[in-house]
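Numbering (my numbering), first residue to last: 6 to 432.
Remarks on the structure that follows.
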Amino acid sequence: MTECDHVTGLANYARLQDRLEQAIAGQDPAGPPLWVLLVDLDCYTDVTLDFGPDAADYILSIAAQRLQSCLPRSAMLARLYTDHFAAAIPDSEPPQIERYARKCRKALTQSISVEGIEVVLEPGMGASQYSDGDMLARSLVRQAGIAKAVAKNAGRDFAVYVADHDRRVRQNLVLMHELRRAVQERQLLLHYQPKVDLRTGRVNGVEALVRWQHPLRGMVMPDEFIPIAERTAAIRPLTAWVLDTSMEQLARWRAKGLDFILSANLSVKNLEDPDLPDAVQRLLAKHGLPNEALQLEITETAVMQDPERSIPMLEGLADTGIELSIDDFGRGYGSLTYLQRFPASWLKIDKEFVIGMDADPRNATIVRAAIDMAHQLGMSVTAEGVETKRVLNLLRGLGCDRAQGYLFSKPVPADRIEELAVSICEE
Ligand code: C2E
Ligand code: CA
Ligand code: CA
């Protein structure tokens, strides 16, 4: 059959379009609407390069089965091209669509064994809803794709299309182009946030956090541009600039007797760069810093993208004495088994759990469990997002090692750090 995808046995784009046109024609304006859910496995090129086309087909067929099992019987699932799937889902309300998306994500993120290696997919998803009489099937699919792109840019895995998304996608495209020049044109700057050692009550480290001083938009925060940089080649020069600039600043502080440890963030794309360990060593040597002065923060989600490649690289870095910290712990969908293999000596609990831990006992339980587990594994723990004295006292009681948050200070320009180091330790 020409309207069937021979790899997965699903419908192809032409058949999905027919189904959508029919559903649109029969849509009851007063009833629950028709939806398109678009799923992108984001793995096709990598899997084809690493394992060959047969393995890619195998992954597609497993993904197709898993998706099918998460969707209602009335839905039609199709493969559009490469690793892009779309489903037409009739008669659904937004909460149902969110539930289907969550189910699909859960099913797709279960690892798939390919030649003895566990491959973990990182699907991106977007949904759109049939809304007015003149809408075409094509536009529904396009809008679901736009929602998926917006979700990805925001570091999320799912979004439902709203009219504002078109503008955001265009804005992100513009930012993407401008970002390439931002590094060369010195539009980036660093703020530093103190980290406090809870045994001594003193500042013993800082985290470098990048900002973009945009000529027209003013200060753009990293959550807006790091996900965009990660999708382009811009992340490499950006990270190199962050490391170089923050190490230069650290050398200045150390020359004044402020023996801080510098923490810098790495993105998943940096872990794909085989030159990273050498580049880090060259920068440490350039600024006359010992390896022990640097801590690199990496999210578990970043490591999980390709653990077979990233873990050896991280082991190499850790062997040289550079400290590694798992960032945003608790936020990802990481598997605990990797925690043991991850050569990190620090674990940083995400602020989402820390901020409300005095009000919500569930958050307090998660923080307690994370601290105990890290200590059992021989790791030390930083809590980020410490905004109140009450939370600080709870963390002290749980044996947390370091804290960072607005209670002590927001991220500030380098010249404010010295006075903060004095005032924080006097408290
Ligand atoms: P992160 O690494 O989890 O950094 C912590 C974020 O929480 C920072 O946001 C910080 O300003 C904020 N924060 C700190 N204390 C508190 C608190 O007490 N309460 C609340 N509500 N928030 C607090 P920021 O600076 O906007 O950075 C956001 C994210 O951008 C970072 O999250 C990190 O993932 C990324 N990022 C920043 N700089 C870099 C960089 O140089 N490279 C890479 N790859 N990512 C970076
Ligand atoms: Ca961090
Ligand atoms: Ca965080």
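Every residue, glycine too, gets a C-beta built ideally from N, C-alpha and C.
Grouping DSSP H, G and I as helix and E and B as strand, with all else coil, what is Ser144? Three-state DSSP puts Ser144 in a helix.
Around ligand 2, Cβ to any heavy atom closer than 6 Å, ordered along the chain: Checking every Cβ against the heavy atoms of ligand 2 under 6 Å gives Glu212, Asn270, Glu302, Asp332.
With respect to 7 Å, is the separation between the Cβ of Met181 and the closest non-hydrogen atom of ligand 1 below this value? No, the Cβ of Met181 stays beyond 7 Å of every heavy atom of ligand 1.
Less than 8 Å between the beta carbons of Ala149 and Leu42, yes or no? In this structure, Leu42 lies closer than 8 Å to Ala149 by Cβ.
At a cut-off of 7 Å, is Lys415 close to ligand 3 when judged by its beta-carbon and the heavy atoms of the ligand? Proximity of the beta carbon of Lys415 to ligand 3 is not indicated: no heavy atom of the ligand is located closer than 7 Å.
Using 10 angstroms around the beta-carbon of Gln134, count the other beta-carbons present and answer buried if the total reaches 16, otherwise exposed. It is buried - the Cβ of Gln134 has at least 16 other Cβ atoms within 10 Å.
Would you kindly check if the distance between the Cβ of Val208 and the Cβ of Ala426 is under 8 Å? With contacts defined as CB atoms closer than 8 Å, Ala426 and Val208 qualify as a contacting pair.
Cβ neighbour criterion (16 or more within 10 Å) applied to Glu26: Classified as exposed, Glu26 has fewer than 16 neighbouring CB atoms from the shown chains inside 10 Å of its CB.
Cutoff 8 Å; reference Pro199; Cβ partners in own chain excluding five residues on either side: The residues Val208, Gly210, Val211, Gln409, Phe413, Ser414, Ile422, Leu425, Ala426, Ile429, in chain order, have a CB closer than 8 Å to that of Pro199 in the same chain once the five nearest residues on each side in sequence are set aside.
Give me the DSSP bridge partner(s) of Gln198. The partner list for Gln198 (beta bridge, DSSP) reads Glu212.
Confirm, please, whether the CB-CB distance from Tyr49 to Asp88 is below 8 Å. For the 8 Å CB-CB criterion, Asp88 and Tyr49 form a contact.
Tell whether a beta-carbon distance below 8 Å holds between Val146 and Ala91. For the 8 Å CB-CB criterion, Val146 and Ala91 form a contact.
Check whether the segment 320–328 touches the segment 355–364, taking contact to mean three or more Cβ pairs, one atom from each stretch, closer than 8 Å. Judged by Cβ distances under 8 Å, the segment 320–328 makes no contact with the segment 355–364, as fewer than three pairs qualify.
By Cβ distance, which residues of its chain are closer than 7 Å to Pro282, with the 5 residues on each side in sequence left out? The residues Met318, Gly321, Leu322, in chain order, have a CB closer than 7 Å to that of Pro282 in the same chain once the five nearest residues on each side in sequence are set aside.
Helix, strand or coil for Ala154 per DSSP? In the three-state DSSP reduction, Ala154 falls in the helix class (H, G or I).
Based on the DSSP output, what are the partners of Asp45 in its beta bridges? His89, Gly129.
Pairing CB atoms from the segment 212–219 with CB atoms from the segment 187–194, are three or more of them under 8 Å? In short, these stretches touch, since the Cβ pair count reaches three.
Rounded separation between Phe265 and Lys353 - CA only: The C-alpha of Phe265 lies about 18 Å from the C-alpha of Lys353.
Beta strand (DSSP E) containing Lys353: first to last residue? Looking at the DSSP string, the run of the beta strand (DSSP E) that includes Lys353 is 351–354.
First and last residue of the beta strand (DSSP E) that includes Thr304? DSSP places Thr304 in the uninterrupted beta strand (DSSP E) bounded by 299–304.
So does Glu235 have its beta carbon nearer than 7 Å to some heavy atom of ligand 3? Between ligand 3 and Glu235, a heavy atom-to-CB distance of less than 7 Å is absent.
Does ligand 3 have a heavy atom nearer than 7 Å to the CB of Lys200? No, the Cβ of Lys200 stays beyond 7 Å of every heavy atom of ligand 3.
At which residues does the beta strand (DSSP E) containing Arg407 begin and terminate? For Arg407, the uninterrupted beta strand (DSSP E) run begins and ends at 407–409, by DSSP.
Can you tell me whether DSSP reads His219 as helix, strand or coil? Strand, per DSSP.
Glu305 to Asp33 span [Cα, whole Å]: Spanning the two alpha carbons is a distance of roughly 46 Å.
If you count every other CB in all the chains shown that lies within 10 Å of the CB of Phe74, and 16 or more means buried, which is it? Here the sequence assigns Ser to residue 74, which means Phe is not the residue at that position. So Ser74 counts as exposed.
If I'm right that Asp3 touches Ile303 with Cβ under 8 Å, what's the distance once you round it to whole angstroms? Any question about residue 3 goes unanswered here, given that the chain covers just 6 to 432.
Same chain, Cβ closer than 8 Å to Ala307, five either side skipped, listed in chain order: For Ala307, where only same-chain residues beyond five positions count, the Cβ hits under 8 Å are Leu271, Ser272, Val273, Leu276, Ser315.
At a cut-off of 7 Å, would you count Met384 as near ligand 1, judging by its Cβ distance to the nearest heavy atom? Taking 7 Å as the cut-off, one finds no heavy atom of ligand 1 near enough to the beta carbon of Met384.
Between which two residues does the alpha helix (DSSP H) harbouring Glu313 extend? 312–324 is the extent of the alpha helix (DSSP H) around Glu313.
Would you mind stating whether Leu46 and Pro128 have Cβ atoms separated by less than 8 Å? With contacts defined as CB atoms closer than 8 Å, Leu46 and Pro128 qualify as a contacting pair.
Please report the residue range of the beta strand (DSSP E) in which Ile327 lies. Ile327 -> no beta strand (DSSP E), and no H or E assigned at all.
DSSP has Cys9 in a bridge; who is on the other side? According to DSSP, which records beta bridges pairwise, Cys9 is partnered with Ala16.
Residue of Tyr86, Ser136, Gly390 minimising C-alpha distance to Asp96: Sorting Tyr86, Ser136, Gly390 by C-alpha distance to the C-alpha of Asp96 places Ser136 at the top.
Under 8 Å between the Cβ atoms of Val12 and Tyr197? Cβ distance not < 8 Å, so Val12 and Tyr197 don't count as in contact.
Using DSSP with H/G/I as helix, E/B as strand and the rest coil, what is Arg84? If DSSP states are grouped into helix, strand and coil, Arg84 belongs with the strands.
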